[in-house]
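Notes for the one structure printed next.
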């Protein structure tokens with residue numbers, strides 16, 4: 154014989170399970186629907202001449218900066234730029250430059266010289282490896298140095 158309390162608990166649990174199940178199915182459906190909607194929109198957007206190219210590049214850079222992929226900047230370096238005798242902090246973006254190395258005839262490393270105080274703008278340069286001085290500094294410390302216009306100096310180890 155079930156007591157009225159046991160029946161109440163059983164009905165409450167059943168109700169809770171049904172609510173959770175309906176909520177989960179609704180959430181899953183909305184996520185799947187939104188993903189498909191965004192995917193469709195992106196496919197249409199990418200097909201628009203010129204806009205699609207800009208979007209693709211912007212998306213790739215954005216995902217790199219937001220950390221969804223591997224780190225955008227590999228290391229912090231010092232290069233002689235913009236002229237002999239002046240040095241700039243730069244960030245290695247890519248060390249292997251296959252086709253460019255073949256064309257240049259020597260090993261070049263891709264570096265990004267960020268502008269102050271906005272490190273998302275700057276200039277990309279290909280520098281011969283022997284002209285690069287590698288710094289014992291994390292990328293985060295290098296970015297702080299650039300953003301602060303040199304007022305926040307990292308402690309060198």
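In my numbering, the protein residues as written are 154 to 310.
Even for Gly, the Cβ is constructed at its ideal location relative to N, Cα and C.
Could you tell me if the beta carbon of residue i falls within a distance shorter than 7 Å of some heavy atom in the ligand ZN?
i           : result
residue 239 : The ligand content of the structure shown is nil, which means the ligand ZN is not present either.
Ignore the nearest five residues each way along the sequence and tell me which others in residue i's own chain have a CB closer than 8 Å to its CB.
i           : result
residue 198 : 204, 205, 208
residue 292 : 224, 226, 227, 228, 229, 244
Return helix, strand or coil for residue i, following the three-state DSSP convention.
i           : result
residue 211 : helix
residue 234 : coil
residue 164 : helix
residue 263 : strand
residue 254 : helix
residue 286 : strand
My guess is that residue i and residue j are in contact by the Cβ rule of under 8 Å, so how many angstroms apart are they, rounded?
i           : j           : result
residue 261 : residue 281 : 6 Å
residue 230 : residue 286 : 6 Å
residue 300 : residue 278 : Actually they are not in contact, since the Cβ atoms of residue 300 and residue 278 sit about 20 Å apart, beyond 8 Å.
residue 302 : residue 270 : 6 Å
Provide the residue span of the alpha helix (DSSP H) that contains residue i, from first to last.
i           : result
residue 298 : 292-300
Tell me residue i's beta-bridge partners as DSSP assigns them.
i           : result
residue 279 : 263
The beta strand (DSSP E) that contains residue i, what's its start and end?
i           : result
residue 242 : 240-247
If I measure Cβ to Cβ from residue i and keep anything under 6 Å in the same chain, skipping five residues before and after, which residues do I get?
i           : result
residue 228 : 245
residue 267 : 275, 299
Beta-carbon within less than 7 Å of residue i's beta-carbon, same chain only, minus the 5 sequence neighbours each way: which residues are those?
i           : result
residue 254 : 260, 261
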